[in-house]
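Since the structure comes first, as structure tokens, the remarks are kept for the end.
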Amino acid sequence: MTPAAVLLALAASAPPPLALTVSAERIALPAAAAPARLEARPLEHRVALRVPAAATAALARRLRGASRLCPAVDAAPGEVVLRCTARWVRAAVVEGLPGPTLDLFELSVPPWRPEEEGPPLVPFDGAALGLGPCPGERPATRGECALAAGDLAAARAAFEEALAAGPSAHAQLRLGDLDLREDRPDAAVERWRRARAEAPWGRLAAERLCELEPGCLAAGGRAAVFDALAVERPLRADLVLRRIRLRALAGDLAAAARAVAEDSRPAGACAGAAAWCRHVLLVALRQPGADGAAALAAYLEVPGRGEGPLALELARAAADRALQAGAPRFAAAVLAGQTGRVPRDELSDHLRRVVELYGAAGDAVRGREVARFARTRLPEAELARAPWRTALAALRPSAPPAPRPAPARPPAPADDGDLRAARAAVEAARLGAAPATRP
């Protein structure tokens, strides 16, 4: 089948515009893989398919070597991951007859949908821009307030009202943002072109147009388009975060993690997009080798890292990297500080891992404290299971079981000594690690 015929056959899966599509593939999936839940991971150049555990092996066999865009396949119970060699890929699972298919599209620009780790939608500070405080008297102000509250329907209505009252580059810019989130890039481009001539919105329109223009992304002048010093301070975050995203998509996750850490202070660009920034940091922390070590160093610089969005996920990833860097005591302390956030059905595994890490660090005192806390939260039958018996035996191989004490407080988070040890281990790992291979 010719590339044009493939693109025509893929029309049912709502493909991206032909102008932004380089090539496309359709791969038939085993019937047992239905329903398959797709998870796009453009920052890692991967596509994950979540399927019933019994269907994993058959799906992995079917996908190995079936795609030119994403040829390598990793499998674990319930998940099959495709590693892509194409720079930017959109994926879709289409349920139909005679069976489900996986549709892959090679894009000439970065993916833009929210579920594809698209650009963040950062609310502007209306008061700082002279638009007035929330809830706002003018439609444009109400639109920004609605964006900040996550009410995209109300935001669209407010910006359309502002545009109906007269020309408004601000409203055009925001309506283009909403069009892009709804997977209508052509409509977004038209709106941004109309906003391009009016400052300060023209600078933000130019960056958005650049993200959907292959020639602009490849040009040497891209840095000037995303120069945060060229806009008013209330608009800086928009440029900074989009620049971080492009850096991460280019494979420089270590630099993206450092930039997130720098802008995670109270007045930084991440203040209005904490969840998005922390997602980038989480992706970087999950990388092996030098990138992961650099991300751990960045994580240690994030204020309030133990609170807020993705705090538990970040702590788990940081613990993995710290252990890899030779700092099990710090890894244990990071996890212990998140005990209050752990879901009830994960508490046993969480506490056991903390005990094991303290044991690996030779810190039996802290390990026994965590074990005593576990006895106040877990049934005896759980603690009698083999994994727990092994973890406890490593702390006190010859001691009899301790009596159940009064309820104890959760273990304390890392102290300064832990932090210093972790930083030293991270620095050693960074110096000794080989350069990461870019996808």
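With mature numbering (1 follows the signal peptide of the UniProt record, and there is no 0) applied, the sequence shown corresponds to residues -19 to -1, 1 to 420, in that order. Even glycine gets a Cβ: it sits at the ideal position worked out from N, Cα and C. Just so it is clear, the structure is predicted and the values come from calculations on it, not from any experiment.
**Request:** Taking Trp173 and Gly157 to be in contact with their CB atoms under 8 Å, please state how far apart those CB atoms are, rounded to whole angstroms.
**Result:** On the sequence shown, position 192 is the one that residue 173 refers to. On the sequence shown, position 176 is the one that residue 157 refers to. 5 Å between Cβ atoms; contact.
**Request:** Write down every uninterrupted run of the beta strand (DSSP E) in the region 243 to 313 whose length is 3 residues or greater and which is fully enclosed by it, in chain order.
**Result:** Entirely contained in the region 243 to 313, not one beta strand (DSSP E) run reaches 3 residues.
**Given Pro100 as reference, the closest of Asp344, Ser329, Phe207 and Leu227 once Cα atoms are compared** = Position 119 of the sequence shown, counting from 1, holds the residue named residue 100. Checked all of Asp344, Ser329, Phe207 and Leu227; the closest Cα to Pro100 is Leu227.
**Prompt:** Alpha carbon to alpha carbon, how far is Ser89 from Ala57?
**Reply:** Position 108 of the sequence shown, counted from the first residue, corresponds to residue 89. Position 76 of the sequence shown, counted from the first residue, corresponds to residue 57. So the alpha carbons of these two residues sit roughly 31 Å apart.
**Message:** Given a cut-off of 8 Å on the beta-carbon distance, is the pair Leu304 and His260 in contact?
**Reply:** If you number the sequence shown from 1, residue 304 lands on position 323. If you number the sequence shown from 1, residue 260 lands on position 279. Not in contact: Leu304 and His260 (Cβ atoms no closer than 8 Å).
**Request:** Could you check how far apart the C-beta atoms of Ala355 and Leu332 are, in whole angstroms? I think they sit under 8 Å.
**Result:** Stepping through the sequence shown from its first residue, residue 355 is reached at position 374. Stepping through the sequence shown from its first residue, residue 332 is reached at position 351. That pair is a contact at about 4 Å.
**Message:** If I follow the unbroken alpha helix (DSSP H) through Glu192, where does it start and stop?
**Reply:** As a first step, residue 192 must be located in the sequence shown, where it is residue number 211. Element bounds for Glu192: Trp182 to Glu192.
**Request:** Report the option in Ala306, Cys258 and Arg18 whose CA atom is closest to the CA atom of Arg286.
**Result:** As a first step, residue 286 must be located in the sequence shown, where it is residue number 305. Closest option to Arg286, Cα to Cα, is Cys258.
**Message:** Would you call the region 68 to 85 in contact with the region 7 to 19, where contact means no fewer than 3 C-beta pairs closer than 8 Å?
**Reply:** yes
**Endpoints, beta strand (DSSP E) assigned at Val335** = For the purposes of this step, residue 335 is taken as the residue at position 354 of the sequence shown. That residue, Val335, is in no beta strand (DSSP E); its alpha helix (DSSP H) goes Leu328 to Ala341.
**Asked** Considering only C-alpha positions, which residue in the set Pro91, Ala108, Gly117 and Ala15 is nearest to Leu78?
**Response** One-based indexing of the sequence shown puts residue 78 at position 97. Nearest option by C-alpha distance: Ala15.
**Request:** Go through its chain and collect everything with a Cβ distance to His230's Cβ below 7 Å, but skip five positions before and after it.
**Result:** The sequence position of residue 230 within the sequence shown is 249, counting from 1. One point to set straight first is that residue 230 is Leu, not His, in the sequence displayed. Contacts found: Pro23, Leu24 and Pro91.
**Request:** Identify which residue in Ala21, Glu288 and Leu216 has its Cα closest to the Cα of Gly111.
**Result:** The residue you call residue 111 lines up with position 130 of the sequence shown. Comparing Cα-Cα distances from Gly111 to each of Ala21, Glu288 and Leu216, the minimum goes to Leu216.
**Beta-carbon spacing of Ala36, Ala72 below 8 Å** = For the purposes of this step, residue 36 is identified with residue 55 of the sequence shown, where counting begins at 1. For the purposes of this step, residue 72 is identified with residue 91 of the sequence shown, where counting begins at 1. No, the Cβ-Cβ distance between Ala36 and Ala72 is not below 8 Å.
**Request:** Would you mind giving the Cβ-Cβ distance between Val221 and Ala250, rounded to the nearest angstrom? I have them listed as a contact below 8 Å.
**Result:** Residue 221 sits at position 240 when you count from the first residue of the sequence shown. Residue 250 sits at position 269 when you count from the first residue of the sequence shown. Val221 to Ala250, Cβ: 4 Å. Contact.
**Asked** By Cβ distance, which residues of its chain are closer than 7 Å to Asp326, with the 5 residues on each side in sequence left out?
**Response** In the sequence shown, the residue the question calls residue 326 occupies position 345. Correct list: empty, nothing qualifies.
**Message:** Just list the residues that DSSP pairs Arg8 with in beta bridges.
**Reply:** Position 27 of the sequence shown, counting from 1, holds the residue named residue 8. It is Ile, not Arg, that sits at residue 8 in the sequence shown. Leu83.
**Request:** Give me the Cβ distance between Gly107 and Glu125, rounded to the nearest whole Å; I'm assuming they're in contact under 8 Å.
**Result:** Taking the sequence shown and counting its residues from 1, one reaches residue 107 at position 126. Taking the sequence shown and counting its residues from 1, one reaches residue 125 at position 144. Confirmed, about 5 Å.
**Prompt:** Run through DSSP, which three-state label would Val241 get?
**Reply:** The count along the sequence shown starts at 1 and reaches residue 241 at position 260. If DSSP states are grouped into helix, strand and coil, Val241 belongs with the helices.
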